[in-house]
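Protein chains in written order, with the numbering used here: chain A, 1 to 114; chain B, 1001 to 1114. Just so you know, even glycine gets a beta-carbon here, dropped at the ideal spot from N, CA and C. Reading through the structure tokens given below for one structure.
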DNA sequence: TCCATATTTCAACGATTATCGAAATGAAGG
DNA sequence: CCTTCATTTCGATAATCGTTGAAATATGGA
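Below is the structure:
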């Protein structure tokens, strides 16, 4: 991961509501979650949520797909792992002091909650 | 680490110049680096640098001490590790999928470069 | 076709951010 | 004491951010 991408990902996660959204997506796993379900879970207005989704998508931390009238957002685990890798690599002066941690999606869930 | 602190740390690192500063401090190790040396290394005006130092300090990612006319800034490895821990813990739905990575300062350096 | 649902787009707003130039502070040395 | 060096403080600026209300778009069902 390039420094530019790392800064983008960090910025995307450096906001209360957005961090909440991402954490929720991570919990939901690869099945993802509808925008509405997230709006309900976090009690956020839909337009505000769209704004934050855009940030996460732009940073490569989430993807969207349509499902009927809903849109389903999914966490992008690879980007998160790349970020963790970047941070650990750049943490000890180029010589990694610990194996980069990785994150796999949680065991399958009912997904698309609500 | 609390969510609030995580957001603060993320925000502190989510900026080009500041990420550079922090990486430099990490490379310098526990000996730290003078503000002047950093200013020279990154070609940043001293007042701008002070601004960024404040952010890093406020986020707990750096500390200062005085040495004669200079001020020496040092990376706070514990906070960085705590952040990595927070991110990995919150990455797989509460159940960590990998041991949290840790970061120890690089092998001692000449430190206080310049 | 018409209506309800789900989400996005748009314009606006106050708040925060990163940077700058100029002036102030603090410490060491002659 | 006066000067020089290192860093910080202050005031201003343009740009970006997060949120809002209102209107638009897209989908599915009666």
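Give a yes or no on whether the C-beta atoms belonging to residue i and residue j are separated by under 8 Å.
i              : j              : result
residue 1001/B : residue 1086/B : yes
residue 1065/B : residue 1018/B : no
residue 73/A   : residue 14/A   : no
residue 38/A   : residue 21/A   : yes
residue 1069/B : residue 1063/B : no
residue 23/A   : residue 1090/B : yes
Interface residues of chain A around residue i at Cβ under 8 Å?
i              : result
residue 1090/B : 23, 26
residue 1061/B : Here the premise fails: no neighbours, minimum Cβ distance about 11 Å.
residue 1056/B : Per Cβ cutoff of 8 Å: no residues; residue 1056/B is ~13 Å from chain A at best.
Residue i touches chain B at which residues, Cβ-Cβ below 7 Å?
i            : result
residue 10/A : 1010, 1013, 1014
residue 71/A : Going along chain B, no residue has its Cβ under 7 Å from residue 71/A, so there is no contact; the nearest lies around 22 Å.
residue 87/A : 1084
From this set, the options, which residue's C-alpha is nearest residue i's C-alpha?
i              : options                : result
residue 32/A   : 82/A, 89/A, 61/A       : 61/A
residue 1083/B : 68/A, 52/A, 88/A       : 88/A
residue 1075/B : 1003/B, 1030/B, 1012/B : 1030/B
To the nearest whole angstrom, what separates the beta carbons of residue i and residue j, a pair I think is in contact under 8 Å?
i            : j              : result
residue 28/A : residue 59/A   : With a Cβ gap of about 18 Å, residue 28/A and residue 59/A do not count as contacting.
residue 16/A : residue 1007/B : 6 Å
Cβ closer than 9 Å: which chain B residues qualify as neighbours of residue i?
i            : result
residue 19/A : 1003, 1006, 1007, 1010, 1090
| request: Indicate whether the contact test is met: 3 or more Cβ pairs, each with one atom in the stretch 35-43 of chain A and one in the stretch 1042-1055 of chain B, closer than 8 Å. | output: No, they do not touch.
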